[in-house]
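A quick write-up on the structure given underneath.
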Amino acid sequence: MDLSVGPELDDFRAEVRQFLRDNLPDDIRRKCEQERMYLSAQDQRRWHNILATRGWQCPHWPAEVGGTGWSEFQRYIFEEELAYADAPRTHASAHFMLGPTLLEYGTEEQKRQFLKPVVDQGTFWCQGFSEPNAGSDLAALKCAAVREGDEYVINGSKLWTSEAQYAEWMFGIFRTDNSGKRQYGITFLILDMKSPGVTVEPVILFNGEHEVNAVFFDNVRVPVSQRVGDEHQGWGIAKFLLGAERLGIAEVARTRCTLERTTDLARSFPSPENPAIRRPEIAARIAQIDIELRSLARMEQRVLSGHAQRGTEESMLKIKGSELLQLVLELHQQIVGPYAQIDEGEVDPETGPGVGPWACGHAGRAFFDYRKLSIYGGSNETMRNIMAKVLSMEA
Numbered sequence: 023m024d025l026s027v028g029p030e031l032d033d034f035r036a037e038v039r040q041f042l043r044d045n046l047p048d049d050i051r052r053k054c055e056q057e058r059m060y061l062s063a064q065d066q067r068r069w070h071n072i073l074a075t076r077g078w079q080c081p082h083w084p085a086e087v088g089g090t091g092w093s094e095f096q097r098y099i100f101e102e103e104l105a106y107a108d109a110p111r112t113h114a115s116a117h118f119m120l121g122p123t124l125l126e127y128g129t130e131e132q133k134r135q136f137l138k139p140v141v142d143q144g145t146f147w148c149q150g151f152s153e154p155n156a157g158s159d160l161a162a163l164k165c166a167a168v169r170e171g172d173e174y175v176i177n178g179s180k181l182w183t184s185e186a187q188y189a190e191w192m193f194g195i196f197r198t199d200n201s202g203k204r205q206y207g208i209t210f211l212i213l214d215m216k217s218p219g220v221t222v223e224p225v226i227l228f229n230g231e232h233e234v235n236a237v238f239f240d241n242v243r244v245p246v247s248q249r250v251g252d253e254h255q256g257w258g259i260a261k262f263l264l265g266a267e268r269l270g271i272a273e274v275a276r277t278r279c280t281l282e283r284t285t286d287l288a289r290s291f292p293s294p295e296n297p298a299i300r301r302p303e304i305a306a307r308i309a310q311i312d313i314e315l316r317s318l319a320r321m322e323q324r325v326l327s328g329h330a331q332r333g334t335e336e337s338m339l340k341i342k343g344s345e346l347l348q349l350v351l352e353l354h355q356q357i358v359g360p361y362a363q364i365d366e367g368e369v370d371p372e373t374g375p376g377v378g379p380w381a382c383g384h385a386g387r388a389f390f391d392y393r394k395l396s397i398y399g400g401s402n403e404t405m406r407n408i409m410a411k412v413l414s415m416e417a
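In this text, residue positions in the sequence shown follow our numbering: the first is 23, and each later residue adds one.
Written out as structure tokens, the structure reads:
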């Protein structure tokens, strides 16, 4: 079975590549090159506006709601070229999660109200799922939404909410009933982050970055018209959304770019005369990761082409994609050693790195930051449980 993208898409790839070469700002490229997962609101909006000049700001959406209407493989190529060019990811919360979910479960009015502003203005969204005691075990969530007439009144909190400091809107799941199984009584709501009673507090990570937040709700009122799907039936919608998120976590192309940079580093560091790649254990790990990345890319293509069963293979992609990027960053740390802790800003640009390669400055930050890949979008342990359950039912 030939799952290659085919020569007919060569012109499309060349078009995307030329656009990125001509339009990607150098300052944004450098931030992405250093594995920064989240850019400032200003940089994200600037990049949204650049893509909008070609109508590419929502590449994964159908044309009828303002997207490109591209095929799965055009989207795949586009994401690959973004990675190879060190260009920003498209906004995950709005593009990969909100869009597909509203297209599947939303009313026509909800699609008009919430999708068009993303296309036209690059509206920022955040995901209100995890809570202090409900992360990997998401069904344990307690943040309550009590219906009062035509509104829900929300009290409680969410945690690890990525980019809530920028977000204008949140989609999330809330507890509307405590009877029966924990998966019952969960309702999917959309809320305005400017609503009275919403408080966002930063959670500064180990690497010093402000990417995630705690969000508190004190009698926050949300119109019933902003409920997606039926009351108490949000768990199925959440599972659908998480499946879309997991497809985006693998990011084989970005991991391959990181491996290529790490391999180039290993060819010259600590010195051209005695590079790290001459160490058998380093060369072997590079080769093994490269083989596994090629295999994972094949699986990605199987899922996108419809030749794989959605559900188990999404979980496989999430597990293996996250583990391989962590292995590459661990290898990077191993190669540069103590220099991994030296940030680029601590090096005099006129005299050069002095104590290590310029490229090593982000290694420590990226290594610790991306430990989270094993957890978000569903922990890898939970993914293995899902796979085991599905496969045992098929046996």
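Just so you know, even glycine gets a beta-carbon here, dropped at the ideal spot from N, CA and C.
Quick check on the burial criterion: 16 or more other C-beta atoms within 10 angstroms. Buried or exposed for R111? buried
Quick one: give me the first and last residue of the beta strand (DSSP E) that I176 is part of. E173 to K180
With 16 other Cβ atoms within 10 Å as the buried cut-off, status of V168: exposed
Indicate whether K164 and R204 have their beta-carbon atoms separated by less than 8 Å. no
Could you pull out every residue in the same chain whose Cβ sits closer than 7 Å to the Cβ of Y188, ignoring the five residues on either side in sequence? A63 and F146
Around the C-beta of S201, are 16 or more other C-beta atoms found within 10 angstroms, so that it is buried, or is it exposed? exposed
With three or more C-beta pairs closer than 8 Å as the rule, is the segment 347 to 357 touching the segment 381 to 401? yes
Taking the alpha-carbon of S217 as reference, which of I208, W191 and D44 has the nearest alpha-carbon? W191
Start-end ranges of the alpha helix (DSSP H) lying completely within the segment 300 to 332, minimum 4 residues: 302 to 327
For L281, which option in L263, G343, W92 and G256 has the closest C-alpha, if you only look at C-alpha atoms? G343
Which of helix, strand or coil does DSSP assign to W92? coil
Would I176 and F239 qualify as a contact pair, given that the criterion is a beta-carbon distance under 8 Å? yes
So which of T277, D172 and Q149 has the shortest CA-CA distance to Y398? Q149
Which residues mark the beginning and the end of the alpha helix (DSSP H) in which F389 is found? A385 to D391
In whole angstroms, what separates the C-alpha of M405 from that of S414? 14 Å
Are at least three pairs of beta-carbons, each pair with one atom in the segment 126 to 136 and one in the segment 242 to 251, less than 8 Å apart? yes
Proximal residues to A162 (C-beta, below 7 Å), its chain only, five neighbours per side dropped: N155, A156 and R204
Alpha-carbon spacing of M210 relative to S158, whole angstroms: As written in the sequence, residue 210 is Phe, which differs from the Met given in the question. Taking the straight line from one Cα to the other gives about 18 Å.
With a threshold of 16 other CB atoms inside 10 Å of the CB of M23, please say whether the residue is buried or exposed. With a pLDDT of 38 at M23, under the threshold of 50, the predicted position of this residue should be treated as unreliable, and no value is reported.
Opening and closing residue of the beta strand (DSSP E) in which V237 lies: H232 to P245
Which residues in the same chain as A305 place their Cβ atom closer than 7 Å to its Cβ, once the five residues preceding and following it in sequence are excluded? I299
Provide the residue span of the beta strand (DSSP E) that contains I208, from first to last. I208 to D214
Strictly by DSSP, which residues pair up with E170? E173
Secondary structure at C148, three-state DSSP: helix, strand or coil? strand
Collapsed DSSP secondary structure at P224 in the structure displayed: strand
Would you mind stating whether S184 and E233 have Cβ atoms separated by less than 8 Å? yes
Should the segment 250 to 261 be called in touch with the segment 122 to 130, which here means at least 3 C-beta pairs below 8 Å? yes
Whole angstroms are fine: how far does the CA of E30 sit from the CA of N229? 44 Å
Candidates K261, L318, V412 and D286, of which the one nearest I357 by Cα: D286
First and last residue of the uninterrupted alpha helix (DSSP H) at I50: D48 to E55
Among the residues of its own chain, which have a CB less than 6 Å from the CB of I212, if the five just before and after it don't count? F193 and Q248
Please name the residue or residues paired with E153 in a DSSP beta bridge. A156
Could you have a look at R76 and say whether DSSP puts it in helix, strand or coil? coil
Residue interval of the alpha helix (DSSP H) (run including F34): D32 to N45
Between which two residues does the alpha helix (DSSP H) containing G194 stretch? Counting along the chain, G194 falls outside any alpha helix (DSSP H), though it belongs to the beta strand (DSSP E) covering W191 to R197.
From I72 to N296, what distance separates their C-alpha atoms? 43 Å
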